[in-house]
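In what follows, a structure is listed as C-alpha cells, so that the remarks can point back to it.
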Amino acid sequence: MSDGQVFSDGVEPGGLRTSQEIKILVCYMLLGAGEAMPRQAVLEIISGNGMANFFETGSAIDELVRLGHLTEGEGDTLALTETGRQVADTLSGMIPYTLRERSVKSALQLLTRIRRERENTVTIEKLPHGYNVTCAIGDDESPLMSFTLRVADDLQAQMVKERFLSDPVLLYRSLLAVLSGDAGVSIGDTRIVIDLK
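Using my numbering, read the sequence shown as starting at 472 and increasing by one per residue.
Pasting the structure below:
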C-alpha cells in the first residue's frame with residue numbers, strides 16, 4: 472500500500488481512499504452540521520454510507536484530535552476548533568461534492584433525530600400479553616401531549632416508536648386539528664386523509 476492510502480474495505484466506488492481526504496471530510500461535515508456530534512455518529516455516517524473505511528475514519532478522528540483540529544468533549548462528542556474550520560474551508564474542494572453533501576445531510580438528519588429524542592420520549596413496557604407504548608411530546612415545563620397505545624409485540628412497539636420520533640409535531644398538529652374541527656377529514660375503506668389548514 473502506498474504512502475497516504477488507506478484500507479478500502481466497505482468503501483463504495485467514489486469513496487475516500489486517503490487519510491488526508493477522510494480528515495477533510497470529517498472537518499467539513501462537522502462544519503456543515505454547525506454543532507458538536509457524538510464520535511460514534513461521525514463514524515457511522517462516514518463508514519455506514521460507504522464514504523470511507525470504519526477503522527481508517529476512527530484513526531483520522533484520533534489524528535484530528537491530536538493535531539488540535541477537533542476537541543473531544545463530554546459524552547464522547549467531537550467539536551471543530553478554529554484550525555479545523557480552516558481545514559474545512561480551505562481544503563473541502565479536494566472532496567467530491569456528492570460526498571460533502573451526503574455527509575452534511577446525514578449529520579443534520581441525525582442531529583434532528585437526537586433533538587427529537589431529547590424533547591420527546593417513548594417508553595415501551597412489556598405486559599403479560601403485548602406491550603404498552605407511551606409517547607410524550609415535551610415542552611419546557613410539562614408535556615404538550617401524552618398517549619399510550621397497546622400493541623401486540625415488540626416489533627409493533629418499535630415501529631410505533633420510530634414513526635412517532637420521525638415527526639412528533641405532525642402527529643400533534645394532526646390530532647389537534649381533527650379534535651378541534653380545524654381539519655378536513657375524509658375516511659374511505661382503506662384510507663384516512665387529514666387536510667391541515
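Each residue gets a CB set at the ideal place from its N, CA and C atoms; glycine is no exception.
The model shown is predicted, which means the values in this text are computed figures rather than measured ones.
May I have the straight-line CA-CA distance separating residue i from residue j, to the nearest angstrom?
i      : j      : result
Asp666 : Thr619 : 25 Å
Ala628 : Arg621 : 8 Å
Thr548 : Ala623 : 37 Å
Phe526 : Arg488 : 12 Å
Thr582 : Met508 : Sequence check: residue 582 is Leu here, not Thr. Approximately 8 Å between the Cα atoms of the pair.
Ile663 : Ala654 : 12 Å
Glu612 : Cys606 : 17 Å
Asp474 : Met522 : With a pLDDT of 41 at Asp474, under the threshold of 50, the modelled position of that residue is not reliable, and the figure given next carries that caveat. Using only the alpha carbons, I get a separation of about 20 Å.
Ile516 : Ala578 : 7 Å
Ser530 : Glu588 : 29 Å
Leu646 : Asp660 : 20 Å
Asp560 : Glu553 : 10 Å
Leu496 : Gly486 : 11 Å
Val656 : Leu641 : 15 Å
Ile493 : Asp610 : 39 Å
Leu501 : Gly652 : 44 Å
DSSP on residue i, reduced to helix/strand/coil?
i      : result
Thr677 : Because the chain in this structure spans residues 472 to 668, residue 677 falls outside the shown range and cannot be described.
Met472 : The predicted position of Met472 is uncertain, since its pLDDT is 44 and thus under 50; a value taken from the coordinates is nonetheless stated next. In this structure, Met472 counts as coil in the three-state DSSP scheme.
Gly601 : strand
Arg571 : helix
Pro509 : strand
Gly546 : helix
Thr489 : strand
Thr583 : helix
Thr560 : Reading the sequence as shown, one finds Asp at residue 560 and not Thr. Helix, per DSSP.
Ala654 : strand
Can we count residue i as close to the ligand GDP, meaning its CB is less than 7 Å from some heavy atom?
i      : result
Arg589 : In the structure on display, the ligand GDP does not appear, and there are no ligands present to speak of.
Excluding the 5 residues preceding and the 5 following residue i in the sequence, name in chain order all residues of the same chain whose CB lies nearer than 7 Å to its CB.
i      : result
Ile608 : Asn591, Pro614, Leu615, Met616, Pro639 and Tyr643
Considering only residues of the same chain and omitting the five flanking positions on each side of residue i, which have a CB-CB separation below 8 Å?
i      : result
Arg510 : Ile532, Glu543, Asp547, Thr548 and Leu549
Within the same chain, show all residues whose beta-carbon is closer than 6 Å to that of residue i, passing over the 5 residues directly before and after it, in chain order.
i      : result
Gly503 : Val575
The alpha helix (DSSP H) that contains residue i, what's its start and end?
i      : result
Met616 : Careful: Met616 lies outside any alpha helix (DSSP H), inside the beta strand (DSSP E) at Met616 to Val622.
Exercise for the section: Evaluate contact between the stretch 531-543 and the stretch 599-606, counting only Cβ atoms and requiring at least three cross-stretch pairs below 8 Å. Expected result: no
Problem - At least three beta-carbon pairs within less than 8 Å, the stretch 587-594 to the stretch 528-541 - result: No: fewer than three Cβ pairs fall under 8 Å.
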